[in-house]
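Worksheet: one structure, shown below.
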Amino acid sequence: MSERPSIDLHEKNKDTAVNGNIFTDVLYEAITDVLQKTIQEIRQDVLEYVNHRINDMMSDVQQKITVPLSKNGELLYRTNKHRDKRTKRVRWIVVIRNFIEFGLSIFYLAFILESLMLPVYQVFGTQHLDWKWFVKSIIKSSFSGICFLVTINYLLLHTWMNAWAEMLQFADRLFYKDWWNSTTYYTFFRTWNVVVHDWLYTYIYKDMYEIVVPYNRVLLATTVFFISAIVHEYILAFAFGFFYPVIFILFITIGFPMFFIRKTFSNLLMWLSWSLGTGIIFSLHAIELYARQNCPPYPNYYLDLFIPRSWSCHEQFNT
-17 MSERPSIDLH EKNKDTAVNG NIFTDVLYEA ITDVLQKTIQ EIRQDVLEYV
33 NHRINDMMSD VQQKITVPLS KNGELLYRTN KHRDKRTKRV RWIVVIRNFI
83 EFGLSIFYLA FILESLMLPV YQVFGTQHLD WKWFVKSIIK SSFSGICFLV
133 TINYLLLHTW MNAWAEMLQF ADRLFYKDWW NSTTYYTFFR TWNVVVHDWL
183 YTYIYKDMYE IVVPYNRVLL ATTVFFISAI VHEYILAFAF GFFYPVIFIL
233 FITIGFPMFF IRKTFSNLLM WLSWSLGTGI IFSLHAIELY ARQNCPPYPN
283 YYLDLFIPRS WSCHEQFNT
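Number 152 in our numbering belongs to position 170 of the sequence shown; there are no gaps in the numbering.
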């Protein structure tokens, strides 16, 4: 009778241990199933995401390989949503027509130069000329100069740009706006050359406005004007082989102050100012060009490169 309770207690402990093991096994199996399902779902989501990213990358690479020029050109001319659009096909008739107009424009520019403008300045450096000759020369060059200006705009920003845009299937053709209707210089500088304006705004004005000098619009506009004037002078100096900062001086002394004057002028006055400004620019460069042919150079190479010979050419007639 004394050993019976111990046997029952032992069997009871044994049953409790068995039940505990069963509960542990069930809990372990439940946790294992949850973890396996979770891992499987995560693995499936990761694989789907990786495959999606790989497909996107492959499509981007394929698109860049297919159209390398239009994508790499974004460094020079930023594209956005409406400029990423491309035409469905190349209209070769449009390309040929634009290149024909490009050639005819060059012929017309040569006609203006050789018939109307250069003959006026061929006598410079061969005889003494008074101030009346300079005034008459600038006035004569004003009309032909504005014709030259309009033709240059049509040649570069219309025929040349549209021809290459058509071949590259570039849908955006807004290379210039109606600058000829401008009544302020503020409007003229923003519509004359949209390509250069967008580039200056995106890579110089906007970055400096957000990073370098925030909210200082006057300093930013001054910086953009200086950079634009320097680039124009560099191009002309490279083309002519001498440095004569006519455009730089006109940009800073006339164009820059007029940019901040928002008062509306007559469109006729704008055309007169363009004609006179073009006449001055062309006259001074043509005079210096013939001075380089007919007048003695400076003894120093760098002086001869940066100081115009036309300033001292009259001295040979005073001796």
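We put the beta carbon where it would ideally sit given N, CA and C, even for glycine.
The model shown is predicted, which means the values in this text are computed figures rather than measured ones.
Problem set entry | Any non-hydrogen atom of the ligand SAM closer than 7 angstroms to lysine 245 Cβ | The model on display carries no ligand, and the ligand SAM is accordingly not part of it.
For this session: Please determine, among Gly223, Thr169, Leu98 and Cys295, the residue with the shortest C-alpha to C-alpha distance to isoleucine 120.
Result: Leu98
Exercise. On the three-state DSSP scale, how would you describe arginine 68?
Worked result: strand
Problem set entry | Nearest neighbour of isoleucine 75, chosen from Thr184, Met149 and Trp162 [CA to CA] | Of the candidates Thr184, Met149 and Trp162, the one whose C-alpha sits nearest the C-alpha of isoleucine 75 is Met149.
For this session: Have a look at aspartate 154 and serine 294 and give me their C-alpha separation to the nearest angstrom.
Result: 50 angstroms
Exercise. Where threonine 169 and tryptophan 161 are concerned, what is the direct C-alpha to C-alpha distance, given to the nearest angstrom?
Worked result: Looking at the two C-alpha atoms, the distance is approximately 7 angstroms.
For this session: Return the Cβ separation of leucine 232 and glycine 259 in integer angstroms, given the expectation that the two are a contact with Cβ distance under 8 angstroms.
Result: 6 angstroms
For this session: To the nearest angstrom, report how far apart phenylalanine 89 and leucine 100 are at their CA atoms.
Result: The straight-line gap separating the alpha-carbon atoms of phenylalanine 89 and leucine 100 is approximately 15 angstroms.
For this session: Determine the contact status of asparagine 175 and tyrosine 191, defining contact as a CB-CB distance below 8 angstroms.
Result: No.
Exercise. Between glutamate 215 and isoleucine 229, is the Cβ-Cβ spacing less than 8 angstroms?
Worked result: yes
Problem set entry | Close beta carbons around alanine 273, own chain, < 8 angstroms, minus the five adjacent residues each side | Phe106, Gly107, Pro290, Arg291, Ser292 and Cys295
Exercise. Nearest chain B C-beta to tryptophan 115 closer than 8 angstroms, yes or no?
Worked result: Given the protein chain composition of this structure (a single chain), no chain B is represented.
Problem set entry | Three-way DSSP call (helix, strand, coil) for phenylalanine 340 in this model | Because residue 340 is not part of the residues shown, which for the chain are -17 to 301, the question remains open.
Exercise. Since phenylalanine 152 sits in a beta bridge, which residues does DSSP pair it with?
Worked result: Arg68
Exercise. Should valine 102 and serine 123 be called a contact, given that it needs their Cβ atoms to be closer than 8 angstroms?
Worked result: yes
For this session: Determine, using beta carbons only, whether tyrosine 136 and serine 87 come nearer to each other than 8 angstroms.
Result: yes
For this session: Mind checking which residues open and close the alpha helix (DSSP H) that includes leucine 218?
Result: 199 to 222
Problem set entry | Close-in-space but distant-in-sequence residues of the same chain around isoleucine 94 (CB under 8 angstroms, 5 per side omitted) | Ser126, Cys129, Phe130 and Thr133
For this session: Specify the secondary structure class of tyrosine 226 as computed by DSSP and reduced to three states.
Result: In the structure shown, tyrosine 226 sits in coil (DSSP, three-state: anything other than H, G, I, E or B).
Exercise. Should isoleucine 217 be labelled buried (16 or more other beta-carbon atoms within 10 Å of its own) or exposed?
Worked result: exposed
Exercise. Near methionine 240, what residues of its chain come up, given a Cβ to Cβ distance below 7 angstroms and the 5 sequence neighbours on each side ignored?
Worked result: Tyr167
Exercise. Do you know offhand how far histidine 179's Cα is from phenylalanine 171's?
Worked result: Distance between the alpha carbons of histidine 179 and phenylalanine 171: 8 angstroms.
Exercise. In whole angstroms, what is the alpha-carbon distance linking proline 50 and arginine 68?
Worked result: Reliability fails at proline 50, whose pLDDT of 47 lies under 50, so the model's placement of it is uncertain and the value that follows must be treated cautiously. So the alpha carbons of these two residues sit roughly 13 angstroms apart.
Exercise. Just curious, the alpha helix (DSSP H) that glycine 261 is in, first and last residue?
Worked result: Looking at the DSSP string, the run of the alpha helix (DSSP H) that includes glycine 261 is 249 to 276.
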